[in-house]
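**Q** Let me begin by handing over the structure; questions about it come next.
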Amino acid sequence: MSDVVVVGGGIAGLVIARKLLIEGKSVTLLEAGDRLGGSVSRHVVGGIALDAGAESFATRGGTVEALVRDLGLGDEIVAPNPAGAWLQPVDGPAVPIPATSLLGIPGSPVAEDVIAVLGQSAALRAFAVDAFLPGTVGSKATTLGELVRRRMGDDVLDKLVAPIVNGVHSASPDDLDLDRVAPHLRAALRREGSLARAVRSLRVEAPAGTAVAGLRGGISRIVDELVADLDRFGADVRLNTSVRSVTVGSATTDDDVLGGHIVVAASGVLGPLATPDRVVTLATLVVEQPLLDAAPRGTGLLVAKGARGIRARALTHATAKWQWLAERADGRHVLRLSYGEDPAGLAEIARADAAALLGVPIDPAAVVDFARVQWTRTTAVETAPDGVTLVGEGIAGTGLANIIGHSLAQADAVVRGELQ
0 MSDVVVVGGG IAGLVIARKL LIEGKSVTLL EAGDRLGGSV SRHVVGGIAL DAGAESFATR
60 GGTVEALVRD LGLGDEIVAP NPAGAWLQPV DGPAVPIPAT SLLGIPGSPV AEDVIAVLGQ
120 SAALRAFAVD AFLPGTVGSK ATTLGELVRR RMGDDVLDKL VAPIVNGVHS ASPDDLDLDR
180 VAPHLRAALR REGSLARAVR SLRVEAPAGT AVAGLRGGIS RIVDELVADL DRFGADVRLN
240 TSVRSVTVGS ATTDDDVLGG HIVVAASGVL GPLATPDRVV TLATLVVEQP LLDAAPRGTG
300 LLVAKGARGI RARALTHATA KWQWLAERAD GRHVLRLSYG EDPAGLAEIA RADAAALLGV
360 PIDPAAVVDF ARVQWTRTTA VETAPDGVTL VGEGIAGTGL ANIIGHSLAQ ADAVVRGELQ
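If you're matching positions, the sequence shown starts at 0 in numbering that gives the first Met the number 0 and goes up one per residue.
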């Protein structure tokens, strides 16, 4: 019998299993599928090995970077092209995302790059409302959407925050817990007395450097090293093993009942407590189009809901964002488009969307290869019975920084005997 049974071999399960092994615990890891890593994975498109899920990590807090360095990949950390991303409004041409902003919330609603998105009257209205409201207004908001709506109005929420949040987190601002997606914003609002000043203060306090980083060769290298460490530290890893039920102290598979402290790192294991309800479809195009060499929309675009003729909600010009990838692509361009649906004819839809968003013709003959990947995301905050540890997106929130940080903290709690 192992000390700990980890149910689920995604990034959360791998991280907590590795940490527990390092702390001297014996670990059995059960994964229903035939591979480990979950949505942190790779695929080959046009002969290029690419990330099929996450392609960067948030640098805030240093949690992911510390793990990456511990895995021996510190020298492989790379910064993205500083050119930044653009925003495609509902109407009109694409514009650069405002420079001083947090999840689309402007640090100055009357800055020129904000007016370019909102229009002058809406920008002035957002500035006036936020500046003259008491600092307590919105300070008890539970969601990001509620906070922005109370402090700056619907125009800022719909035209700036929603497309950026939807592209980054695959969710509406009204569905995102404020303290999970922007953990210091509420305190900054109370301290500064306005949302704009709160954003500016957080930007000033942020450490130098970019908000995200990547790995030469792709984020999926993290999974490679985690899996190698599990093998090195003696984990009992069982693929193609579905767990039918868990209780305090045991996990039941089709063939066995395993005892030990239970860590649930997979949605659906806890039944109705886990509600995966968002579909994210990723379309990847490898194209030959020299006009894209100039990176006409920086590192990509986030798309406002209802943008005319566009079904994608975000586009990443991956070879413009990552120098290492541009070198491997050898003159070709890698474009990643995300959709909140799984439309028929996705290859043609993605090609047309890419051409429209980038302002560059992309003929069918220019498409060297295409790939489609679909992920299901969990929006509900999951809970587990006392005595069962829960990790993963359903409780930690989206993004590698949240998931990895939470998994490491829960591993420490297990070691200390705080088995929750």
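The beta carbon of each residue, even a glycine, is placed where N, CA and C say it ideally should be.
Please classify T318 as buried or exposed, where buried requires at least 16 neighbouring CB atoms within 10 angstroms.
**A** On the sequence shown, residue 318 is found 319 positions in, with the first residue counted as 1. Buried is the call here.
**Q** Name the residue from A82, G83, T62, N80 whose alpha carbon lies nearest to the alpha carbon of G73.
**A** Along the sequence shown, read from residue 1 onward, the residue named residue 73 stands at position 74. That would be T62, whose Cα lies nearest to the Cα of G73.
**Q** To test your reading of the DSSP string, which unbroken alpha helix (DSSP H) runs of 4 or more residues are found completely within the region 193-241?
**A** 194-204, 220-231
**Q** What did DSSP end up calling L272 once you bin it into helix, strand or coil?
**A** The residue labelled residue 272 in the question sits at position 273 within the sequence shown. Note that L272 has pLDDT 49, beneath the 50 cutoff, so the model's placement of it is unreliable and no number is given.
**Q** On a Cα-Cα basis, can you pick out the residue from G23, V3, E30 that is closest to S266?
**A** As a first step, residue 266 is located in the sequence shown; it is residue number 267 there, counting from the start. Of the candidates G23, V3, E30, the one whose C-alpha sits nearest the C-alpha of S266 is E30.
**Q** By the DSSP assignment, the beta strand (DSSP E) with V5 in it spans what residues?
**A** Position 6 of the sequence shown, counting from 1, holds the residue named residue 5. Counting along the chain, the unbroken beta strand (DSSP E) around V5 starts and ends at 3-6.
**Q** Tell me the DSSP secondary structure of V359 in three-state form.
**A** Within the sequence shown, numbered from 1, the residue matching residue 359 stands at position 360. Correct three-state label for V359: coil.
**Q** Going by DSSP in three states, P162 sits in which element: helix, strand or coil?
**A** Taking the sequence shown and counting its residues from 1, one reaches residue 162 at position 163. Here P162 sits in helix by DSSP.
**Q** Going by alpha carbons, who is nearest to L257 out of I96, D352, L269, D235?
**A** Here residue 257 corresponds to residue number 258 of the sequence shown, with the count starting at 1. Closest by alpha carbon: D235.
**Q** For a quick check, are the C-beta atoms of V5 and V268 less than 7 Å apart?
**A** Stepping through the sequence shown from its first residue, residue 5 is reached at position 6. Stepping through the sequence shown from its first residue, residue 268 is reached at position 269. No, the pair does not count as a contact, with Cβ atoms beyond the cut-off.
**Q** Which partner residues of A282 appear in the DSSP bridge assignment?
**A** Residue mapping note: residue 282 aligns to position 283 of the sequence shown, counting from 1. Per DSSP, L336, R371.
**Q** Assign G60 to one of three DSSP states: helix, strand, or coil.
**A** The count along the sequence shown starts at 1 and reaches residue 60 at position 61. Helix.
**Q** Under three-state DSSP, which class holds A125?
**A** Your numbering for residue 125 matches position 126 in the sequence shown. The answer is helix: DSSP assigns A125 an H, G or I state.
**Q** Is the beta carbon of Y391 less than 7 Å from the beta carbon of A11?
**A** One-based indexing of the sequence shown puts residue 391 at position 392. One-based indexing of the sequence shown puts residue 11 at position 12. Reading off the sequence, residue 391 comes out as Gly, not Tyr. Cβ distance < 7 Å, so G391 and A11 count as in contact.
**Q** Return helix, strand or coil for W323, following the three-state DSSP convention.
**A** What you label residue 323 is simply residue 324 of the sequence shown in a count that begins at 1. Three-state result, W323: helix.
**Q** Please report how far the alpha carbon of G166 lies from the alpha carbon of L290, in whole angstroms.
**A** Numbered from its first residue, the sequence shown carries residue 166 at position 167. Numbered from its first residue, the sequence shown carries residue 290 at position 291. Straight across, the Cα-Cα distance linking G166 with L290 is about 25 Å.
**Q** Given a cut-off of 7 Å on the beta-carbon distance, is the pair T315 and G339 in contact?
**A** Here the question's residue 315 lines up with position 316 in the sequence shown. Here the question's residue 339 lines up with position 340 in the sequence shown. No.
**Q** Quick check on DSSP: helix, strand or coil for I47?
**A** In the sequence shown, residue 47 corresponds to position 48, counting from 1. It is a strand residue.
**Q** By Cβ distance, which residues of its chain are closer than 6 Å to V113, with the 5 residues on each side in sequence left out?
**A** The residue given as residue 113 occupies position 114 in the sequence shown. Around V113: P97, P105, A122.
**Q** Less than 7 Å between the C-beta atoms of V180 and L143, yes or no?
**A** Your numbering for residue 180 matches position 181 in the sequence shown. Your numbering for residue 143 matches position 144 in the sequence shown. Cβ distance < 7 Å, so V180 and L143 count as in contact.
**Q** Is the region 150-164 close to the region 302-316, with three or more CB pairs under 8 Å?
**A** yes
**Q** Do the CB positions of A155 and A57 come within less than 7 Å of each other?
**A** Translated into positions along the sequence shown, residue 155 becomes position 156. Translated into positions along the sequence shown, residue 57 becomes position 58. Reading off the sequence shown, one finds Val at residue 155, where the question assumed Ala. No, the pair does not count as a contact, with Cβ atoms beyond the cut-off.
**Q** Nearest by alpha-carbon distance to I21: which of D2, L35, G32, V39 is it?
**A** Here the question's residue 21 lines up with position 22 in the sequence shown. Comparing Cα positions, the closest option is D2.
**Q** Cα-Cα, which of G213, G137, N239, V247 is closest to D253?
**A** Position 254 of the sequence shown holds residue 253. The residue with the shortest Cα to Cα distance from D253 is N239.
**Q** Fully enclosed by the region 77-109, which beta strand (DSSP E) runs are 3 residues long or longer?
**A** Listed in chain order, they are 85-87.
**Q** Looking only at C-alpha atoms, which of G118, T27, M151, R335 sits nearest to G134?
**A** As a working note, residue 134 is residue 135 in the sequence shown. Closest option to G134, Cα to Cα, is M151.
**Q** Which same chain residues end up closer than 7 Å to T328 when comparing Cβ atoms and leaving out the 5 residues on each side of it in sequence?
**A** Working through the sequence shown from its first residue, we reach residue 328 at position 329. It is Ala, not Thr, that sits at residue 328 in the sequence shown. Hits under 7 Å: I47, T318.
**Q** Can you look up A317 in the DSSP assignment and give me helix, strand or coil?
**A** Residue numbering aside, residue 317 sits at position 318 when the sequence shown is read from its first letter. Correct three-state label for A317: helix.
**Q** Thinking L177 and A197 are a contact (beta carbons under 8 Å), I'd like their distance in whole angstroms, please.
**A** On the sequence shown, residue 177 is found 178 positions in, with the first residue counted as 1. On the sequence shown, residue 197 is found 198 positions in, with the first residue counted as 1. Not really, about 12 Å apart at Cβ, beyond 8 Å.
**Q** Round the Cβ separation of A282 and R371 to the nearest angstrom and send it over; I've been treating them as touching at under 8 Å.
**A** Mapped onto the sequence shown, residue 282 falls at position 283. Mapped onto the sequence shown, residue 371 falls at position 372. About 6 Å separates the two Cβ atoms, so the contact holds.
**Q** Figure out for me which residue from K18, L35, E191 has the closest Cα to the Cα of D223.
**A** Walking along the sequence shown from the start, residue 223 turns up at place 224. Per the Cα distances, L35.
**Q** Thinking R296 and A93 are a contact (beta carbons under 8 Å), I'd like their distance in whole angstroms, please.
**A** Here the question's residue 296 lines up with position 297 in the sequence shown. Here the question's residue 93 lines up with position 94 in the sequence shown. The beta carbons of R296 and A93 sit about 6 Å from each other, so the pair counts as a contact at 8 Å.
**Q** Find out if the Cβ-Cβ distance for the pair V387, G45 is shorter than 7 Å.
**A** Within the sequence shown, numbered from 1, the residue matching residue 387 stands at position 388. Within the sequence shown, numbered from 1, the residue matching residue 45 stands at position 46. Not closer than 7 Å, so no.
**Q** Use the C-beta contact count for R189: other C-beta atoms within 10 angstroms, 16 or more gives buried, fewer gives exposed.
**A** Taking the first residue of the sequence shown as position 1, residue 189 is located at position 190. The residue in question, R189, is exposed, as its Cβ has fewer than 16 Cβ neighbours within 10 Å.
**Q** In chain order, what residues of the same chain have a beta carbon less than 7 Å from the beta carbon of P384, not counting five sequence neighbours either side?
**A** One-based indexing of the sequence shown puts residue 384 at position 385. Correct list, in chain order: V247.
**Q** Put I261 into one of helix, strand or coil per three-state DSSP.
**A** Working through the sequence shown from its first residue, we reach residue 261 at position 262. Looking at I261 - three-state DSSP - the assignment turns out to be strand.
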